[in-house]
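Below is one structure, written out as structure tokens; comments come after it.
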Amino acid sequence: MTKRKRVLFISNGNGEDLNACEVLKALRANYADVETVALPLVGDGNAYRRAGVEIVAPTKALPSGGFAYMSVTKQIEDFRSGLIALTWQQLRAARKCSKTCDFVFATGDVLPAIFAYLTGLPYAMFLVSSSAFYENRYIPRWEQALMMRSPRCKQILTRDAYSADLIRQRGYQNASFLGYPIMDVLEPTGKDLYLSADAPAIALLTGSRLPEAAENLALQMRLCEAISQEFAPQPVQFRAALVPSMMPLLPEIAAQAGWQYDEGKLYHGQSGIIILCFSDAFADILHNCDLAIGMAGTAVEQAVGLGKPVVQIIGNGPQFSYRFAEAQQRLLGLSVQTIGKEAATPEILLEAAKYVQRVLGDREYLEKCKINGLERLGTKGASERLAKAIADNLNIHI
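Here this note's numbering is used: the first residue of the sequence shown is 46, the next is one more, and so on.
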């Protein structure tokens, strides 16, 4: 009887976990003889848990949420919260997997690649945290270059075709672009969003991590007021795509902002603005909106991938800072515009509202956003293509 192959998935962050988990699910669905286990290095690994995947090491949500590089203060808080002990436990688990696994799929930046290298197993690097679009070049850090040059690095996979081209130009002929898995999870459910074809629809993307996401929504509500004033008397439709944990907080958020709330509806009595809030219609909202107000990472990427323009404003963080937003704008190109360099003031919100009105009337720009989305994020089907790449490395075929 042929021994079943076992693949270890290592990733470091919410978006990285989501991407890796889609590949894992495609691998399980198409290759019954492959077993999978996961080692999420940052956060609780909820994407893996929801998929029923065995997690081989302890997990812990640290204060930085995986964004320690954005702030020295957050780095210190992570160390105080047990980062060193957690990393040691994860390293021991990775080494233990070297005895039970056959291949490693490392998703993220240099850290998952180092863990993959330390297992002593053959591995593939999926560089979802790096892109040549950031600086119009691709020069890997020395640690990453070391992992990429290893004979055990069987494949270097990128998040866009441009990065793969530049990496190959540097001599890494095993680099390729097979797509971006988070674009595979955007199938609309048919949820009724109560939209009219006669008015523009704007999606509100607040991020997923509380309490920041709640603060972001409150700021976006103020922007909705400014947008409605700019468009008046033409109506504007607002639809908020929220994580389930946000829904119980909406009455309090509304009260603090001087709004009312009733059964999924935020209502501003003075102006008559309505924001319908959903925790189960993310893909539907993205597909049906004309523009998104973004204060998130992965959700903004997905909006851009669907060809939507995105306007970013800055809140109080810690995750969605100006530094993060500016880097994301470089990554995603012309589809994204960041208004302001600090936590949004009334003046910045007015500027953002005027920009929204201008963009929605610019048909040429909206067409460019559709082309840019395909260039930056690729087409559907990445999960299955990446799963096949893993299977090929294991010499397994359907």
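From the three backbone atoms N, C-alpha and C, an ideal C-beta is built for every residue, glycine too. Nothing here was measured: the structure is a model prediction, and the numbers come from that model.
Item                                                                                                                                                                                         : Value
In the DSSP assignment, what residue or residues form a beta bridge with M170?                                                                                                               : A151 and I201
Can you give the Cα-Cα distance for M46 and L377, rounded to whole angstroms?                                                                                                                : Residue confidence for M46 is low, a pLDDT of 47 falling below 50, so the modelled location carries little weight and cannot support an answer.
Would you report the Cα separation of K13 and F276, rounded to the nearest angstrom?                                                                                                         : Lying outside 46 to 443, the shown extent of the chain, residue 13 is not represented and no answer is given.
Which residues does DSSP list as the beta-bridge partners of L262?                                                                                                                           : L262 is not bridged to any residue.
Would you be able to state if there are at least three C-beta pairs under 8 Å between the region 380-387 and the region 313-326?                                                             : no
Under a Cβ-count criterion, where at least 16 other Cβ atoms within 10 Å of its own Cβ denotes burial, should R182 be classed as buried or exposed?                                          : exposed
Which residue spans inside the region 213-262 form an unbroken beta strand (DSSP E) run of at least 3?                                                                                       : 246-250
Suppose contacts are defined by Cβ-Cβ distances below 9 Å. Is G426 in contact with G224 by that definition?                                                                                  : yes
Following a CB-centred definition, is Q214 positioned closer than 8 Å to any heavy atom of the ligand MG?                                                                                    : The ligand MG is not part of this structure, which contains no ligands at all.
Are the CB atoms of L250 and M291 within a distance shorter than 9 Å?                                                                                                                        : no
Output the distance between the C-alpha atoms of I338 and E371, rounded to the nearest integer angstrom.                                                                                     : 15 Å
Which same chain residues, not among the five before or five after L72, have their C-beta less than 8 Å away from its C-beta?                                                                : V52, V79, T81, A432, I435 and A436
How would you write the range of the beta strand (DSSP E) that L311 sits in, first residue to last?                                                                                          : K310 to H313
Roughly how many angstroms separate the alpha carbons of D453 and L238, rounded to a whole number?                                                                                           : The structure shown does not extend to residue 453, since the chain is modelled only from 46 through 443, so no value can be given for it.
Tell me whether A427 sits in a helix, a strand or coil according to DSSP, three-state version.                                                                                               : helix
Identify the residues that DSSP records as bridge partners of A285: which are they?                                                                                                          : L249 and C322
By the three-class DSSP mapping on this structure, what secondary structure does S176 have?                                                                                                  : coil
Starting from the C-beta of E260, find all residues in its chain whose C-beta is less than 8 Å away, skip the five residues before and the five after it, and write them out in chain order. : G360 and N361
Within the same chain, show all residues whose beta-carbon is closer than 8 Å to that of E180, passing over the 5 residues directly before and after it, in chain order.                     : R375
Would you kindly report the start and end of the unbroken beta strand (DSSP E) that includes V101?                                                                                           : It is not in any beta strand (DSSP E) - V101 carries neither H nor E in the DSSP assignment.
Pick helix, strand or coil for A113, following the three-state DSSP scheme.                                                                                                                  : Per-residue confidence for A113 stands at a pLDDT of 47, beneath the threshold of 50, marking its modelled position as unreliable; no derived number is given.
Evaluate G60 with the Cβ neighbour count: other Cβ atoms within 10 Å of its Cβ, from every protein chain shown; 16 or more gives buried, anything less gives exposed.                        : buried
Rounded to a whole number of angstroms, what is the C-alpha to C-alpha distance between P280 and L351?                                                                                       : 24 Å
Under the three-state reduction of DSSP, which class applies to A277: helix, strand or coil?                                                                                                 : coil
Using a 10 Å radius around the Cβ and a threshold of 16 neighbouring Cβ atoms, would you call G187 buried or exposed?                                                                        : Note on identity: in this sequence residue 187 is Trp, with Gly being the wrong assignment. Classification of W187: exposed, given that the 10 Å Cβ count is below 16.
For the alpha helix (DSSP H) that Q382 lies in, which residues bound it at each end?                                                                                                         : Unbroken run through Q382 is the beta strand (DSSP E), V381 to A388; no alpha helix (DSSP H).
Taking the straight line between their C-alpha atoms, what separation do you get for S176 and A258?                                                                                          : 26 Å
Rounded to whole angstroms, what is the Cα-Cα separation between Y93 and V101?                                                                                                               : 11 Å
Given 8 Å as the limit, is there contact between the region 187-200 and the region 156-170, that is, 3 or more CB pairs closer than that?                                                    : yes
Apply the 10 Å Cβ neighbour rule to P185 and answer buried if 16 or more other Cβ atoms are within range, or exposed otherwise.                                                              : buried
Taking A83 as part of the beta strand (DSSP E), name the residues at either end of that continuous run.                                                                                      : V79 to P85
Could you tell me how far apart the beta carbons of I227 and E346 are, in whole angstroms, since I believe they sit closer than 8 Å?                                                         : 7 Å
Just to confirm my understanding: we take P233, look at its own chain, exclude 5 residues before and 5 after, and list those with CB closer than 6 Å. What are they?                         : A328, D329 and H332
Grouping DSSP H, G and I as helix and E and B as strand, with all else coil, what is I338?                                                                                                   : strand
Taking the Cβ atom as the reference point for each residue, do L287 and M340 lie within a distance shorter than 9 Å?                                                                         : no
For E308, does the count of other Cβ atoms within 10 angstroms reach 16, so buried, or fall short, so exposed?                                                                               : exposed
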